[in-house]
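Novice: I'd like to ask you about the structure that follows.
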Amino acid sequence: GAGVSQSPRYKVAKRGQDVALRCDPISGHVSLFWYQQALGQGPEFLTYFQNEAQLDKSGLPSDRFFAERPEGSVSTLKIQRTQQEDSAVYLCASSLTGTLNFGEGSWLTVV
Amino acid sequence: GESVGLHLPTLSVQEGDNSIINCAYSNSASDYFIWYKQESGKGPQFIIDIRSNMDKRQGQRVTVLLNKTVKHLSLQIAATQPGDSAVYFCAEAGQRTSYDKVIFGPGTSLSVIP
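Chains as they are written, first to last, in the working numbering: chain X, 8 to 118; chain E, 35 to 148.
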């Protein structure tokens with residue numbers, strides 16, 4: 008597609024539920040990033056992939072957060088046993104030359 | 035840890051005036067600085083970037099200024115239009131490659147008064 012696509016756009020989860028957020032990057036983009044953005048804040052780095060290799064996961068807030076990109080294209084961010092503090096927008100970005108191209112985000116609300 | 039931050043969280047300007055959004059950064063090792071615009075309900079959109087070996091760069095209606103001595107970055111928008119209303123983030127990275135994570139500041143909300 009023309010841009011980065013994320014799904015679902017909106018997700019309401021009950022506390023304790025597991026969620027999976029999908030990112031389809033721009034075709035051919037080697038790098039893929041996940042960011043978390045709380046209301047009124049700037050995006051916070053979560054993790055980074057180069058092709059299928061997860062090279063940096065230093066921003067993942069806990070072991071409940073897991074990301075994968077098994078074939079070097081589509082990526083999934085999984086959050087296990089969701090908590091209220093996980094409520095945020097989860098942004099995916101892909102890059103070929105250094106400029107980040109962001110998707111519109113997945114809005115997660117944990118109730 | 036090192037971070038990027040903004041002086042002003044909100045800014046209101048009259049349509050047609052120039053806007054200046056400021057940003058302070060603390061990581062002197064950063065080589066690459068970027069401004070993003072984020073409209074409500076959308077992801078951040080690249081506006082303009084600058085390397086640390088430059089002090090000024092111009093785009094269409096936008097100019098980025100970098101003062102490494104005081105670790106200050108600014109975004110100037112000429113003839114501000116209603117469509118410029120958004121949240122603006124400065125961000126920094128160690129280098130401009132596709133393999134370097136970008137660290138964002140907290141953002142400034144720009145409101146354009148018609």
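Ideal Cβ placement from N, Cα and C applies to all residues, glycine included.
This structure is a prediction, so every number in the text was calculated from the model and none was measured.
Verify the CB distance criterion: does PHE40 of chain X have a CB-CB separation below 8 Å to chain E?
Specialist: By the rule that beta-carbons nearer than 8 Å mark a contact, PHE40 of chain X touches chain E.
Novice: Mind reading off the beta-carbon distance from LYS21 of chain X to SER113 of chain X? Whole number of angstroms is fine, and I expect it under 8 Å.
Specialist: Contact flag wrong, Cβ pair sits at about 17 Å.
Novice: Which bits of chain X does PHE67 of chain E rub up against, with CB to CB less than 7 Å?
Specialist: Correct list: empty, because the minimum Cβ distance to chain X is about 12 Å.
Novice: Fully enclosed by the stretch 69 to 114 of chain E, which alpha helix (DSSP H) runs are 4 residues long or longer?
Specialist: Taken in chain order, the complete alpha helix (DSSP H) segments of 4 or more residues contained in the stretch 69 to 114 of chain E number zero; there are none.
Novice: Evaluate LYS135 of chain E with the Cβ neighbour count: other Cβ atoms within 10 Å of its Cβ, from every protein chain shown; 16 or more gives buried, anything less gives exposed.
Specialist: buried
Novice: Relative to the alpha-carbon of ASP31 of chain X, which residue among X:GLY47, X:PRO68, X:GLU78, X:GLY66 has its alpha-carbon at the smallest distance?
Specialist: Distance check between ASP31 of chain X and each of X:GLY47, X:PRO68, X:GLU78, X:GLY66 places X:GLU78 closest, using alpha-carbon atoms only.
Novice: Anything in chain E within Cβ reach of GLU75 of chain X, meaning under 9 Å, just list it in chain order.
Specialist: Residues of chain E passing the Cβ test: none, with the nearest at roughly 18 Å.
Novice: In or out: ARG76 of chain X buried (at least 16 other Cβ within 10 Å) or exposed?
Specialist: buried
Novice: Is it true that the CB of PHE80 of chain E sits closer than 8 Å to the CB of CYS124 of chain E?
Specialist: no
Novice: With a threshold of 8 Å, are at least 3 pairs of Cβ atoms found where one atom belongs to the stretch 99 to 119 of chain E and the other to the stretch 91 to 98 of chain X?
Specialist: no
Novice: Nearest CA to the CA of ARG95 of chain E: which residue from E:ALA112, E:ILE84, E:ASP89, E:MET88?
Specialist: E:ALA112
Novice: Which residues, in order along the stretch 69 to 83 of chain E, keep a beta-carbon less than 9 Å from a beta-carbon of chain X?
Specialist: TYR70, GLN72, GLY75, LYS76, GLY77, PRO78, GLN79, PHE80, ASP83
Novice: Can you tell me the Cβ-Cβ gap for ALA95 of chain X and LEU115 of chain X, rounded? I've got them flagged as a contact below 8 Å.
Specialist: 6 Å
Novice: Whole beta strand (DSSP E) runs in the stretch 63 to 114 of chain X with 3 or more residues, listed along the chain?
Specialist: 72 to 75, 82 to 86, 95 to 102
Novice: In chain order, what residues of the stretch 95 to 114 of chain X put their CB closer than 7 Å to some CB of chain E?
Specialist: LEU98, SER102, LEU103, THR104, GLY105, THR106, LEU107, PHE109, GLY110, GLU111, GLY112
Novice: Determine the contact status of GLY139 of chain E and ASP65 of chain E, defining contact as a CB-CB distance below 8 Å.
Specialist: The Cβ atoms of GLY139 of chain E and ASP65 of chain E do not sit closer than 8 Å to each other.
Novice: How is the beta strand (DSSP E) around SER12 of chain X delimited, first residue to last?
Specialist: 12 to 14
Novice: Express the C-alpha separation of ARG91 of chain E and SER53 of chain E in angstroms, rounding to a whole number.
Specialist: 16 Å
Novice: Starting from VAL26 of chain X and walking both ways along the beta strand (DSSP E), at which residues does that stretch end?
Specialist: 26 to 31
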